[in-house]
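Chemist:
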Amino acid sequence: MLKIHNLNKSYEHLHVLKDINIEIEENQVVAIIGPSGSGKSTLLRCINYLEKPETGTIEIDGACVNAESHTIKDIKSLRSKTSMVFQNYNLFANKTCLQNVLIPLEVVRSMRKQEANIVAKELLAKVGLSDKMNSYPAHMSGGQQQRAGIARALAVNPKCILFDEPTSSLDPELVYEVQEVIRQLTKEDVSRTMIIVTHEMAFAKEVADRVIYLEDGKACIDLTSEEFFSMENVTGRISRFINKV
Ligand code: ADP
Ligand code: MG
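Sequential numbering of the sequence shown, starting at 5, is according to this note's numbering.
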């Protein structure tokens, strides 16, 4: 369960997120869509406290951070429940694919080398990268790098995975292999929330249980995927947005 209550975030004088209130059930897959600059990435970054909001609380699986009064321990505890898949992969360039996945296992989950190696190899097998284990990111395609990014995100065993436009940096022919990995994750029988920021409407329609449309820092529309894509509920500028992307 993820609860976002009364979240406000500004950069200097720019009020980016405005009174966001969202509750997401365990096992729910939520697509966040909306125009560029509407605050989608900022919202994800506030959920794991990569950005500090001015007001509001974020609660995930018992870990709770109140923007106005919290300790470093609260933030650590919240972060341990989440992981992020970035648009540009953000792998360590000087580490192999396997080493990139080992880091969170050893550092965050304090696993010993031998166990970490076993788990990392399982995660790489899951995303179809067993044969690229010892490759460096520079020698991997964008699709392979992003699949490694997903394996790394899974390594912390998160309650909530945050995907920030995971396929938008990829050449079109590589989009499918990454979407396929995400699709498989949505089908796994584990208690995990997934939030996916995406412009791929067909993919959102297929994998998301729920769609939140963010515009100008406000969650303007929050519907089940079925309701959202039936279009009856979506008119005017939002339907123009969907048709454009
Ligand atoms: P989206 O992901 O929906 O495209 P963002 O969350 O990246 O939008 O950005 C929302 C707004 O906040 C934009 O106007 C952007 O320019 C601004 N912004 C984002 N990050 C920063 C930052 N670190 N400093 C100042 N302004 C920022
Ligand atoms: Mg963004």
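C-beta atoms are modelled at their ideal positions from N, C-alpha and C, and glycine is treated no differently.
1. Taking the alpha carbon of residue 160 as the point to measure from, which residue in 211, 9, 108 has its own alpha carbon closest?
2. State the beta-bridge partners of residue 134 as determined by DSSP.
3. Near residue 172, which residues of its chain fall below 7 Å by C-beta distance, leaving aside the five closest residues on each side in sequence?
4. Per DSSP, which residues does residue 70 bridge with? Please list them.
5. Please say whether residue 36 and residue 47 have beta carbons closer to each other than 8 Å?
6. Is there contact here, the segment 179-196 with the segment 141-154, by at least three beta-carbon pairs under 8 Å?
7. Return the chain-ordered list of same chain residues with a C-beta closer than 8 Å to the C-beta of residue 128, the five sequence neighbours on each side being excluded.
8. With hydrogens ignored, establish whether the beta-carbon of residue 73 is closer than 7 Å to any heavy atom of the ligand MG.
9. If you drop the 5 nearest sequence neighbours on each side, which residues of the same chain put their C-beta closer than 6 Å to that of residue 110?
10. Rank 216, 168, 177, 240 by C-alpha distance to the C-alpha of residue 94 and give the top, closest one.
11. Taking C-beta to C-beta, are residue 53 and residue 11 nearer than 8 Å?
Modeler: In short:
1. Counting from one through the sequence shown, the residue named residue 160 turns up at place 156. When each option's Cα is compared against that of residue 160, the closest is 108.
2. Position 130 of the sequence shown, counting from 1, holds the residue named residue 134. None, per the DSSP bridge assignment.
3. By 1-based counting over the sequence shown, the position of residue 172 is 168. Same-chain partners within the cutoff: 91, 203.
4. Here residue 70 corresponds to residue number 66 of the sequence shown, with the count starting at 1. Partner(s): 61, 73.
5. Residue mapping note: residue 47 aligns to position 43 of the sequence shown, counting from 1. Residue mapping note: residue 36 aligns to position 32 of the sequence shown, counting from 1. Contact: yes.
6. yes
7. Sequence index remark: in the sequence shown, residue 128 carries index 124 (1-based). These residues qualify, in order along the chain: 101, 102, 105, 134, 136, 137, 152, 155.
8. Walking along the sequence shown from the start, residue 73 turns up at place 69. Checking every heavy atom of the ligand MG against the Cβ of residue 73, none is found closer than 7 Å.
9. Taking the sequence shown and counting its residues from 1, one reaches residue 110 at position 106. Excluding residues within five positions, the ones whose Cβ falls inside 6 Å are 120.
10. Start at 1 with the first residue of the sequence shown, and residue 94 comes out as number 90. Here the closest residue by C-alpha is 168.
11. On the sequence shown, residue 53 is found 49 positions in, with the first residue counted as 1. On the sequence shown, residue 11 is found 7 positions in, with the first residue counted as 1. No. Outside cutoff.
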